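In the numbering used here, the protein residues as written are -2 to 253. Quick reminder that beta carbons are idealized off the backbone N, C-alpha and C, glycines included. None of the values given here were measured: they were computed from a predicted structure. One structure is given here, and the rest of the page talks about it.
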Amino acid sequence: MPTLPENIRGILADLDGTLYVGQTAIPGAIEALHRIRERGLGIRYLTNTTSKPRSVIAGQLHRLGLPVEIAHLYTAPCVARDHLLAAGMVRCHCLLPADVIADMEGITHVDTHPQAVVVGDMGGGISGEALNRAFRFLLDGAAFFTLARNRCYRAADGLRLDVGAFTAALEYGTRREATLLGKPAPHFFRAPLDDLGLQPDEALMIGDDLESDVGGAQAIGLYGVLVRTGKFSEEELQKSSVRPDVVIDSFADLAG
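In structure tokens form, the structure reads like this:
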């Protein structure tokens, strides 16, 4: 187990690439989660996954044997919902699967005159036509939000483009910058911290994404732990200006 600051009382954990890859739990992750709970550490789970609703993600984790409570699962669409409702933006054009939009209770998906465009992962539904429709809404003045800036993620068949790539295309075409509602936006980390009743310096964030997980967490004062699983790249680590507080082989090493 790595040497951690003595005041660490809670853990924020990424999911895909950190606790599991594809349909397989990271070796030792299940046992590590049990040890973390036995030690009395609070834990919350953060994911920028926008292709599946929270209930499906929780079900997948349970099938893998990962003891994750749905109430402790923070997804980008659910956190975004709170932001949009607070801003009075209830009519949105969402680049998201229908069952994920259903997670955003109070938000109505519209195909005409939206107040905002929300970019997520439509999976196989993403197309030039879908991007062009969103592009035209943005040109007409709709507010511009994205649920993630992740460049890619590792699927069972290899790396795939993630939400950040599609967001960048719309930003380039419209000459506008999207407001980020998922990791590494500060409020995305603060929501689970508030739930745990902790300050940033009392918790760590562990994940496989150097920018979204580690960099975003460190920016608000969390201890940043990078794992060498998922989409970890030694080359990226060497080139990046983000310096993790600790780099470990896998989540299993966190609990020794």
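Taking the Cβ atom as the reference point for each residue, do residue i and residue j lie within a distance shorter than 9 angstroms?
| i | j | result |
| --- | --- | --- |
| alanine 10 | isoleucine 40 | yes |
| leucine 63 | alanine 99 | no |
| glutamine 256 | leucine 70 | Here the chain covers residues -2 to 253 and nothing more, so residue 256 does not appear. |
| isoleucine 67 | serine 52 | yes |
| leucine 92 | proline 74 | no |
| phenylalanine 186 | leucine 219 | yes |
| alanine 200 | leucine 190 | yes |
| tyrosine 150 | aspartate 137 | no |
| leucine 193 | glycine 7 | yes |
| threonine 72 | threonine 46 | yes |
| valine 114 | leucine 135 | yes |
| proline 241 | leucine 234 | yes |
| aspartate 206 | lysine 180 | yes |
| glycine 121 | valine 97 | no |
| leucine 1 | threonine 44 | no |
With a cut-off of 8 angstroms on the beta carbons, I'd call residue i and residue j a contact; round off their distance for me.
| i | j | result |
| --- | --- | --- |
| alanine 214 | methionine 202 | 3 angstroms |
| proline -1 | valine 239 | Incorrect: roughly 18 angstroms between the Cβ atoms, too far for contact. |
| proline 111 | alanine 153 | With a Cβ gap of about 34 angstroms, proline 111 and alanine 153 do not count as contacting. |
| asparagine 4 | aspartate 198 | 7 angstroms |
Name, in chain order, the residues that DSSP records as bridge partners for residue i.
| i | result |
| --- | --- |
| glycine 125 | Partner(s): none; glycine 125 has no beta bridge. |
| histidine 90 | Val114 |
| threonine 109 | BP columns for threonine 109 are empty, so no partner. |
| leucine 9 | Arg41 and Met202 |
| leucine 70 | Tyr42 |
| isoleucine 245 | Val224 |
- Item | the segment 24 to 40 in contact with the segment 86 to 98 per 3-pair CB rule at 8 angstroms | no
- Query: Does the pairing of the segment 97 to 107 with the segment 225 to 243 give three or more beta-carbon distances under 8 angstroms?
  - Reply: no
- Query: Three or more C-beta pairs closer than 8 angstroms, one from the segment 74 to 84 and one from the segment 21 to 37: is that the case here?
  - Reply: no
- Message: Three or more C-beta pairs under 8 angstroms: does that hold for the segment 129 to 145 against the segment 164 to 174?
- Response: yes
- Using 8 angstroms as the threshold, is the segment 198 to 212 in touch with the segment 119 to 133, meaning 3 or more CB pairs across them? no
- Task: At 4 residues or longer, and completely inside the segment 13 to 54: list those alpha helix (DSSP H) runs for me, N to C.
- Result: 26 to 35
- Message: Which complete beta strand (DSSP E) runs does the segment 169 to 239 hold, if anything under 3 residues is left out?
- Response: 200 to 204 and 220 to 224
- Query: Which runs of the alpha helix (DSSP H) fall wholly inside the segment 123 to 163 and span at least 4 residues, in chain order?
  - Reply: 125 to 136
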